[in-house]
Amino acid sequence: MTDRASAYPLRTARKHSTRAALVDAAAELFVRKGIDVATLDEVAAHAGMHVQTLYRHFPNKAALAQAIELRYLERFRERIEDPARTEDTLTFWRNWVETAAREVTERDGGRGYRAAIQQRFSATAVPGNLLASWFEYEELLAKSLARDLGVHPDEDPRPRLIACALWAGNVNAARRWVMSEKPGQSLSAACVAVVDGVVSLMGGQALRTAKKTTSSRASVARRRR
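Residue 162 in full-length UniProt numbering sits at position 162 of the sequence shown; the count goes up by one each step and never skips.
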């Protein structure tokens, strides 16, 4: 915490609370209406604030969208790094994408979210900050998978390969869902199918191999004592 923040704790807390309320409002409206349709005036009103208050925190929609991405990333980081988490990484990720997909599509059948994703995939280039957050998801998954496998992610390629397959598959599932013309197609089911496919093709075998390798190394270590 900076000296200024320490000197004015109530002001700092109020600033963080205001910012969080604006991000919450933007996240809801962007999903419901689409980022192109929702206006900053609507975001401010939805948060119960004047639009000038919003501009003091976020100069434009892009800054708000970045804040939303970072908030989702930090929530994911807290959950996947939670020492109290009991399920393995693959099960955790399956539950995470299933819940997330259901939440963004249950309100209006996903029309707002579809519009937001369409805009993202129609862009000529993916913004650098979005790419950075995507890479961070992969890194968090790789580190968690490495812990499951009992290996170091920089020494064994399997955790990173599985993480890349999980994340890229999830992005591709969202893109295909947006492009699909089939009515009622479930984004949640599409995302879960990706995880199950990765487990079948890579994850399950990798975990079985890792268990055998770990057991073998442990036996050798015991014999050397």
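Ideal placement from N, C-alpha and C gives every residue a C-beta, glycine not left out.
Since the structure is predicted, the reported quantities are computational estimates derived from the model, not experimental observations.
Unbroken alpha helix (DSSP H) run spanning Gln-185, endpoints: Taking the first residue of the sequence shown as 1, we reach residue 185 at position 185. Unbroken run through Gln-185: none, as it is neither H nor E.
Rounded Cβ spacing between Leu-29 and Lys-61 (contact assumed at less than 8 angstroms): Your numbering for residue 29 matches position 29 in the sequence shown. Your numbering for residue 61 matches position 61 in the sequence shown. Not a contact, Cβ separation roughly 11 angstroms.
CA nearest to the CA of Glu-136, picked from Ala-116, Cys-164, Asp-148 and Arg-111: Within the sequence shown, the letter at position 136 stands for residue 136. Nearest to Glu-136 by alpha-carbon distance, out of Ala-116, Cys-164, Asp-148 and Arg-111, is Cys-164.
For Gly-162, the nearest candidate out of Gln-185, His-16 and Glu-138 (CA to CA): Position 162 of the sequence shown holds residue 162. Checking the sequence shown, residue 162 turns out to be Ile, not Gly. That would be Glu-138, whose Cα lies nearest to the Cα of Ile-162.
Cβ separation of Pro-157 and Leu-149, assumed to be a contact under 8 angstroms, to the nearest whole Å: Here residue 157 refers to the residue found at position 157 of the sequence shown. Here residue 149 refers to the residue found at position 149 of the sequence shown. Wrong, their Cβ atoms sit about 11 angstroms apart, outside the cutoff.
Whether Leu-140 touches Ile-80 by CB criterion (7 angstroms): As a position in the sequence shown, residue 140 is number 140, starting the count at 1. As a position in the sequence shown, residue 80 is number 80, starting the count at 1. Closer than 7 angstroms, so yes.
Cβ-based neighbour list, Arg-14, same chain, cut-off 6 angstroms, excluding 5 preceding and 5 following: Start at 1 with the first residue of the sequence shown, and residue 14 comes out as number 14. The beta carbon of Arg-14 lies closer than 6 angstroms to none in the same chain, with the five residues before and after it left out.
Cβ separation of Val-195 and Leu-73, assumed to be a contact under 8 angstroms, to the nearest whole Å: What you label residue 195 is simply residue 195 of the sequence shown in a count that begins at 1. What you label residue 73 is simply residue 73 of the sequence shown in a count that begins at 1. About 19 angstroms separates the two Cβ atoms, so there is no contact after all.
Nearest neighbour of Ser-144, chosen from Phe-76, Val-43 and Pro-59 [CA to CA]: On the sequence shown, residue 144 is found 144 positions in, with the first residue counted as 1. Here the closest residue by C-alpha is Phe-76.
Local conformation of Asp-156 per DSSP, three classes: Sequence index remark: in the sequence shown, residue 156 carries index 156 (1-based). Three-state result, Asp-156: coil.
Sequence-distant residues of the same chain with beta carbon closer than 7 angstroms to Arg-94, five excluded per side: One-based indexing of the sequence shown puts residue 94 at position 94. Counting only Cβ-Cβ distances below 7 angstroms, and skipping sequence neighbours, we find Val-192 and Val-195.
Start and end residues, alpha helix (DSSP H) containing Leu-90: Start at 1 with the first residue of the sequence shown, and residue 90 comes out as number 90. Start and end: 89-105.
Whole-angstrom C-beta distance between Ala-101 and Leu-187, which should lie under 8 angstroms: Start at 1 with the first residue of the sequence shown, and residue 187 comes out as number 187. Start at 1 with the first residue of the sequence shown, and residue 101 comes out as number 101. Between Ala-101 and Leu-187 the Cβ distance is about 4 angstroms, and since that is below 8 angstroms, they are a contact.
Met-49, DSSP secondary structure in three states: In the sequence shown, the residue the question calls residue 49 occupies position 49. Three-state result, Met-49: coil.
Of the residues Val-199, Asp-82, Trp-177 and Val-198, the one placed nearest Ala-189, counting alpha carbons only: As a working mapping, residue 189 is identified with position 189 in the sequence shown. That would be Trp-177, whose Cα lies nearest to the Cα of Ala-189.
Reduced DSSP category for Arg-208 - H, G, I as helix; E, B as strand; rest coil: Along the sequence shown, read from residue 1 onward, the residue named residue 208 stands at position 208. Because Arg-208 sits at a pLDDT of 47, beneath the cut-off of 50, its placement in the model cannot be relied upon, and the following sentence gives the value as read from the coordinates. If DSSP states are grouped into helix, strand and coil, Arg-208 belongs with the helices.
Whole-angstrom distance between Val-151 and Ala-175, CA atom to CA atom: Residue numbering aside, residue 175 sits at position 175 when the sequence shown is read from its first letter. Residue numbering aside, residue 151 sits at position 151 when the sequence shown is read from its first letter. Strictly speaking, residue 175 in this sequence is Arg, with Ala absent from that position. Rounded to the nearest angstrom, the two C-alpha atoms are 33 angstroms apart.
Run of the alpha helix (DSSP H) containing Glu-74, from where it starts to where it stops: For the purposes of this step, residue 74 is identified with residue 74 of the sequence shown, where counting begins at 1. For Glu-74, the uninterrupted alpha helix (DSSP H) segment begins and ends at 61-80.
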